[in-house]
Amino acid sequence: MLFSRKDTIMRSAIMFAMFCLFVSACDHRSVTTTADAMPAPDLGPARSDMLSADALRTDLPTADAVPRDERHIAEPDKGVSPGPISVGVDNVTPLADVAVSGTWPVGFATYRITARNEAITLVGAVVHTTHKHDVAKVALVYKNKASTTVWREGYPDSNGDFIFPDGALDMYIGKGKSELLTVNAYLNTIANGAVSGDGVKLGLKKVASQWAAGSTLTNGFVALGESSNVKLYGAADNISVDNTKLAFQVVRKTKVLPTESDFGSIAHTTKSQDAVGVFTFKSTAEPNSGQNSTLKSVTVKLSGSLIAIGQGDNQTALSVYSGSAFNAATLMGFGVVTGLDTHGSSIAEIPINAMNYWSGDKQVYFVVNSTDSDFVDSANSIEKLTLHLIKYKWFDGVADAELFPVIGVSAMYGKTYLY
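Okay, so the sequence shown: first residue is 2 according to my numbering, each after it adds one.
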């Protein structure tokens, strides 16, 4: 029994000797008790530094201050299982493209990780690459429990693996929630080992079928259940992922990207030098390399109601110029577009062999003779004509490059002109 002292008075204690009293059924007995007062022991003068038991726990709230559902001692929920965890490639994952050597961060993959039964923390992972010599390091980007964006960097081993061991990560996913894990890379320069033309992929490492469906992640993928304190592992707990959507990023020393750039009117009249497509080609080089690009060819086709049905010789000349002065000094290349009939044409590759070495932006004009007999501008209706830039080739100082089919996109359209 704990006694407390108030002022200088000690409360008396009542003590009972242990006894047994047997009572038969339906019988009655009475018990009389007497007590003799015991003298209080002399504890000396009261000490001002002595606290009551209640005073020692002034940090505890009163019962009324604590919600009913919280009036218990917290314990781990041993009945909660951290699984299942689902891992999938998110739709924001980059499509195939050209990536410039020596640049960062280059996006390769974004995964959506979902926690089902309880909140989890991703504490370990392994990323794999097809071409370790092209990648200087990898950065995993995610949010932790405080919703702070975190970057964790790793370097390749001899197998092309970037290992983030158990405890290296702290990516938090709430119960019933999904969060994104992004895989970025720092690319090597050509001088430091990157190879122009290499198609590089990066993704979470699997036991097998690395870039396809099926198979599980390796046991380097580690998730910790926040309530159960149980860890789940990729292979051991059958956590699979389909990496089919992950696309190649093709390393080049320069990247050439065109955009449609005719800011003039779409109203046209037929004439001998008719600009039916205007594009700005932008060349981006490896940092500090000073490397220029050399445009080698463009592949185009024509479509629209201005192209007559059953008229002319089904072909027309197409010239490519650097700038809006259409003359011999600015002529980049020349070719013939065939199959010109019934509102369309065949695909034609036009070789480029002059005025084609540049850095930064270069405006390129595609010009036809729209008075050719294969074009008919009727008086009673509005005709249309569109140039399709399907693909192009360039030299990056190391090797030839080609935009399509690298990114696998359809043709880039010029403006549709009205006649």
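Ideal Cβ positions, reconstructed from N, Cα and C, are used throughout, including at glycine.
Note that the structure is a prediction, hence the values are computed from the model and not measured.
Cβ pair residue i, residue j closer than 8 Å
i    : j    : result
V142 : T183 : yes
T190 : S102 : yes
D378 : Q312 : no
R113 : D91  : yes
G200 : F264 : no
F109 : L203 : yes
T372 : K272 : yes
V368 : Q292 : no
I353 : K297 : yes
V93  : N185 : no
M333 : S325 : no
L307 : L386 : yes
K207 : G221 : no
Y366 : H269 : no
G84  : D238 : yes
L218 : A236 : yes
Rounded distance between the beta-carbons of residue j and residue i, thought under 8 Å
i    : j    : result
I267 : K302 : Actually they do not touch by this definition, with Cβ atoms about 19 Å apart.
Y290 : E119 : Residue 290 is actually Ser in this sequence, not Tyr. About 50 Å separates the two Cβ atoms, so there is no contact after all.
N357 : T295 : 6 Å
V1   : V99  : Given a span of 2 to 420 for the chain in the structure shown, any question on residue 1 remains unanswerable.
K176 : A116 : 6 Å
T260 : I391 : Rounded, the Cβ-Cβ distance is 15 Å, inconsistent with contact.
Euclidean distance between Cα positions of residue i and residue j
i    : j    : result
P157 : A137 : 8 Å
S346 : G340 : 5 Å
V399 : Y234 : 43 Å
F396 : R253 : 9 Å
K146 : E180 : 11 Å
I240 : G161 : 22 Å
L319 : A195 : 38 Å
Q316 : V338 : 5 Å
H344 : V151 : 54 Å
M413 : H389 : 6 Å
I383 : N370 : 18 Å
V88  : A355 : 51 Å
G336 : A97  : 30 Å
T331 : W105 : 36 Å
Limits of the unbroken beta strand (DSSP E) element including residue i
i    : result
S179 : 179-188
F454 : The question about residue 454 has no answer here: the residues shown for the chain are numbered 2 through 420.
W152 : 150-155
V223 : 223-226
P259 : 255-261
I351 : 349-352
K202 : From DSSP, K202 is part of no beta strand (DSSP E); its letter is neither H nor E.
Y414 : 413-419
H129 : 121-130
L303 : 294-304
S320 : 316-323
G361 : 361-369
S87  : 86-90
The segment 227-245 / the segment 272-282 touching (three or more Cβ pairs under 8 Å) = no
Specify whether the segment 167-179 and the segment 109-125 touch according to this definition: at least 3 beta carbon pairs, one from each stretch, less than 8 Å apart.
-> yes
Between the segment 208-217 and the segment 243-258, are three or more C-beta pairs nearer than 8 Å?
-> yes
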